[in-house]
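>
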Amino acid sequence: MLLAIIPKVNMKVGGGYLHFRKKPLSLFFIVFVCASIVVWNWEKTPHLTTLLPPHDQALHLFPVKREHAEDEAEQGLGLVPPSPSTITSTNSNYFQDEYPKASHHENTTPLLEKSLSEGKERADTVKQQLITPVTSQRTESTVTDTPITTVETQACNFGKGKWIPADNRPLYSGFDCKQWLSGMWACRLTQRTDFGYEKLKWQPKECKMDDFNRVEFLKRMQDKTLAFVGDSLGRQQFQSLMCMVTGGKDMPDVEDVGKEYGLVKAHGSSRPDGWAFRFTITNTTILYYWSASLCDIEPVDPTSETTNYAMHLDRPPAFLKHFLDRIDVLVLNTGHHWNRGKLNANRWVMYVGGKPNTNRRIADIGGAKNFTIHSVVRWVNSELPMHPGLKVFLRSISPRHFFNGEWNTGGTCDSTTPGSLEVVQDKSSDPIAAGAVKGTDVKLLDVTGLSLVREEGHISRYSIRAAPGMQDCLHWCLPGVPDTWNELLFAQI
Ligand SMILES: *[C@@H]1O[C@H](CO)[C@@H](O)[C@H](O)[C@H]1NC(C)=O
Ligand SMILES: *[C@@H]1O[C@H](CO)[C@@H](O)[C@H](O)[C@H]1NC(C)=O
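When we follow UniProt numbering, the leftmost residue of the sequence shown carries the number 1, and every step to the right adds one.
In structure tokens form, the structure reads like this:
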């Protein structure tokens, strides 16, 4: 009963805030309502908590089963396929499609309900912070309406600088954020005992970079949508940002809006192609869409169960074409799926110009990857004049750190200290990404160099899914290095 009432009340408050600047009187009313709700909820909370489903039941958004599928699939990213003799019943799964068919359906717990169960007080604090500056500076109320300016940041190379110890890191606790953070990436929930990697902050050499501030983030992104489109490393960045913006706490007023973007679980599949969440306080949407290759993929023969898939290297993912109008900040990434084992396992066949590729330079995996990245960047750049508010970033590749072997031959990343703390070079360590954005208005979110020195930040041996003896030296612990990628992003929007 209570659960049914509260969402409506909260949403009204969120919506009311949006109109406040025009109607000062209504603010007074809203603050009053807010205060009443706080008091009311405060009194009710003890009862509510006992009525709520047990904690783990509320976490169905990222159920372990689905994670398992991705973890296995992603383990082998960018790596040589195992020789037939090394394929065991376990690691052969590593070449499954990322979205294997599941035989049964899962009930996705409505997020809003879940978020209402906890953290109301905190959300109201955020709301208060969002409202207060406006109250005291009403004449500056157009701040969030003015176009984002990049003049100062453009000249600055955020990728050059050093890691420094910082007491105010991490930005959220790895014990929290269960609503957004996959268990397999939350190293605090594993046997790992060294956490020095959480306490480093990136300091660019030549540019000033403000600390991430979630209230400021939401303000800048008022009525806007930020989309990550890419592979599992893009999904890590998405989860990281959700944790950063919520402070890792469950927050009411975050609505699951996946449906608006067609991000629903298809019949027979184990999960949707992505997720979208809206912070109703500021009407800010953060979404992730899974496109490992950043090109359009379609079945060659839609009627066949065993069809190959045309990988149209010169066509952007259909999702992007369809939803670009509704995106304000776009972060693209690809990289680790470009290997023969992945392509074969997914039955992806390269197409160019609508026909199977015959160009030998493109047929080479490295050539195909470069060609595709250039194509998608060129396409999105050509769309920019029609989307004046759109800002696009190509996130450079996230480095892997397998030492003394590959992912399937005992490669490890056991270090508990960074390889180095400094990046001195001016050039990006990802020449393909840097080359692709050159001469375009697409920005490079250059995370390669600063991540390259952080070999201690991977999941490493604490991977809860890999076969015994295997390490994940591709994905990162969260909180961790991808938080910094988002800080760099925040500094540039
Ligand atoms: C939220 O933002 C979108 C633009 O991203 C806008 O079309 C919509 O009207 C806004 N909703 C509200 C309630 O202001
Ligand atoms: C990548 O592709 C671009 C455009 O097709 C081309 O100019 C460039 O030489 C390629 N680079 C490499 C390393 O293949």
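The beta-carbon is built from N, C-alpha and C at its ideal position, and this holds for glycine as well. These numbers were taken from a predicted model, which means no experiment stands behind them.
What runs of the beta strand (DSSP E), each 3 residues or longer, lie entirely inside the stretch 394-477?
Correct list: 443-445, 458-460 and 472-476.
> What runs of the beta strand (DSSP E), each 3 residues or longer, lie entirely inside the UniProt domain "Trichome birefringence-like N-terminal" (155-208)?
Qualifying beta strand (DSSP E) stretches, in chain order: 161-165 and 200-204.
> Could you give the first and the last residue of the continuous beta strand (DSSP E) run that contains E298?
As a first step, residue 298 is located in the sequence shown; it is residue number 298 there, counting from the start. Element bounds for E298: D296 to P299.
> Considering Cα atoms alone, identify which of H336, K355 and E406 is closest to S396.
The sequence position of residue 396 within the sequence shown is 396, counting from 1. Closest by alpha carbon: H336.
> Would a C-beta distance cut-off of 8 Å place T303 and K219 closer than the cut-off?
Taking the first residue of the sequence shown as 1, we reach residue 303 at position 303. Taking the first residue of the sequence shown as 1, we reach residue 219 at position 219. No, these two residues do not count as a Cβ contact at 8 Å.
> Contact between the stretch 223-231 and the stretch 324-339 is defined here as three or more beta-carbon pairs at a separation below 8 Å; is this criterion met?
Yes: the two stretches touch, three or more of their Cβ pairs being nearer than 8 Å.
> N308: beta carbon under 7 Å from a heavy atom of ligand 1?
As a position in the sequence shown, residue 308 is number 308, starting the count at 1. No, Cβ of N308 sits at least 7 Å from all heavy atoms of ligand 1.
> Return yes when the Cβ of W185 is within less than 8 Å of the Cβ of Q239, no when it is not.
Looking up residue 239 in the sequence shown gives position 239. Looking up residue 185 in the sequence shown gives position 185. Against a cut-off of 8 Å, the Cβ pair of W185 and Q239 comes out as a contact.
> Between Y288, M242 and T417, which lies nearest to G262 when the distance is taken from Cα to Cα?
Taking the sequence shown and counting its residues from 1, the one referred to as residue 262 is at position 262. If we check each option's Cα against that of G262, Y288 comes out closest.
> Would you decide whether K438 is buried or exposed? Buried here means 16 or more other CB atoms lie within 10 Å of its CB.
Locating residue 438 in the sequence shown gives position 438, where the first residue counts as 1. K438 should be labelled exposed.
> Spatial neighbours of V416 within its chain, please: CB distance less than 7 Å, with the 5 preceding and 5 following residues excluded, ordered by chain position.
Here residue 416 corresponds to residue number 416 of the sequence shown, with the count starting at 1. Correcting the residue identity first, residue 416 is Thr in this sequence and not Val. Cβ within range, chain order: D194, G196 and E456.
> Is any heavy atom of ligand 1 found at a distance shorter than 7 Å from the C-beta of D223?
Along the sequence shown, one-based indexing puts residue 223 at 223. Yes; taking the cut-off as 7 Å, the Cβ of D223 has a heavy atom of ligand 1 nearer than that.
> Hey, how far is the Cα of G480 from the Cα of G174?
Along the sequence shown, read from residue 1 onward, the residue named residue 480 stands at position 480. Along the sequence shown, read from residue 1 onward, the residue named residue 174 stands at position 174. Using only the alpha carbons, I get a separation of about 9 Å.
> Within the present structure, is the beta-carbon of N157 separated from the nearest heavy atom of ligand 1 by less than 7 Å?
As a position in the sequence shown, residue 157 is number 157, starting the count at 1. For ligand 1, not one heavy atom lies less than 7 Å from the Cβ of N157.
> Applying the criterion that 16 or more other CB atoms from any shown protein chain within 10 Å of the CB defines a buried residue, is residue 496 buried or exposed?
Outside the shown range of the chain, which is 1 to 493, sits residue 496, and nothing can be said about it.
> Throw me the rounded Cβ distance for the H458 and L478 pair, which I believe falls under 8 Å.
Position 458 of the sequence shown, counted from the first residue, corresponds to residue 458. Position 478 of the sequence shown, counted from the first residue, corresponds to residue 478. Actually they are not in contact, since the Cβ atoms of H458 and L478 sit about 11 Å apart, beyond 8 Å.
> Of all residues in the structure, which have a C-beta closer than 5 Å to any heavy atom of ligand 2, taken in chain order?
So the residues near ligand 2 by this Cβ test are N370 and H374.
> Which of the three DSSP states, helix, strand or coil, is assigned to W290?
Counting from one through the sequence shown, the residue named residue 290 turns up at place 290. Of the three classes helix, strand and coil, the one that applies to W290 here is strand, per DSSP.
> Between which two residues does the beta strand (DSSP E) carrying H336 extend?
The sequence position of residue 336 within the sequence shown is 336, counting from 1. Where H336 is concerned, there is no enclosing beta strand (DSSP E), given that its DSSP letter is neither H nor E.
> Here's the rule I'm using: 16 or more other beta-carbon atoms within 10 Å means buried, otherwise exposed. How should A363 be labelled?
In the sequence shown, the residue the question calls residue 363 occupies position 363. By the 10 Å Cβ count, A363 comes out exposed.
> For S240, which of helix, strand or coil comes out of DSSP?
By 1-based counting over the sequence shown, the position of residue 240 is 240. Helix.
> Between which two residues does the alpha helix (DSSP H) holding G367 run?
Position 367 of the sequence shown, counting from 1, holds the residue named residue 367. Looking at the DSSP string, the run of the alpha helix (DSSP H) that includes G367 is I365 to E383.
> Candidates L241, T306 and T307: which alpha carbon is nearest F279's?
The residue labelled residue 279 in the question sits at position 279 within the sequence shown. Here the closest residue by C-alpha is L241.
> Strictly by DSSP, which residues pair up with R278?
To locate residue 278, count along the sequence shown from 1; it is residue 278. R278 is bridged to E255 and T285.
> Looking at the strands, I want to know which residues DSSP matches up with W348.
Working through the sequence shown from its first residue, we reach residue 348 at position 348. Its beta-bridge partners are Y309.
> Could you check the C-alpha separation between D483 and E422 for me, to the nearest Å?
Taking the first residue of the sequence shown as 1, we reach residue 483 at position 483. Taking the first residue of the sequence shown as 1, we reach residue 422 at position 422. Their backbone Cα atoms lie some 18 Å apart in a straight line.
> Mark E298 as exposed unless 16 or more other C-beta atoms lie within 10 angstroms of its C-beta, in which case mark it buried.
The count along the sequence shown starts at 1 and reaches residue 298 at position 298. Exposed.
> What's the gap between the Cα of G248 and the Cα of Q236?
Position 248 of the sequence shown, counted from the first residue, corresponds to residue 248. Position 236 of the sequence shown, counted from the first residue, corresponds to residue 236. Distance between the alpha carbons of G248 and Q236: 14 Å.
> Looking at C-alpha atoms only, which residue of P356, I373 and V380 is the closest neighbour of H322?
As a first step, residue 322 is located in the sequence shown; it is residue number 322 there, counting from the start. Among P356, I373 and V380, the Cα nearest to that of H322 is on V380.
> Indicate the three-state DSSP secondary structure (helix, strand or coil) for G247 in the structure shown.
Numbered from its first residue, the sequence shown carries residue 247 at position 247. G247 falls in the coil class under three-state DSSP.
> Sorted by chain position, which residues of the same chain lie with C-beta nearer than 8 Å to L366's C-beta, five sequence neighbours on each side aside?
Translated into the one-based positions of the sequence shown, residue 366 becomes position 366. Per the sequence presented here, residue 366 reads as Gly, with Leu not at that position. The residues are W338.
> Among A467, V377 and N157, which has the Cα closest to the Cα of G410?
As a working mapping, residue 410 is identified with position 410 in the sequence shown. Nearest of A467, V377 and N157 to G410, Cα basis: A467.
> Count Cβ pairs between the stretch 348-360 and the stretch 417-436 that sit closer than 8 Å; are there 3 or more?
In short, these stretches do not touch, since the Cβ pair count stays below three.
> Would D210 count as contacting chain B if we go by Cβ distances under 8 Å?
No chain B appears in this structure, which consists of one protein chain only.
> Taking Cβ positions, are W349 and M386 nearer each other than 8 Å?
Within the sequence shown, residue 349 is the residue found at index 349, counting from 1. Within the sequence shown, residue 386 is the residue found at index 386, counting from 1. Note on residue identity: the sequence assigns Val, not Trp, to residue 349. No, these two residues do not count as a Cβ contact at 8 Å.
> State the start and end residues of the unbroken beta strand (DSSP E) segment that holds L390.
As a first step, residue 390 must be located in the sequence shown, where it is residue number 390. Looking at the DSSP string, L390 is not in any beta strand (DSSP E), and its letter there is neither H nor E.
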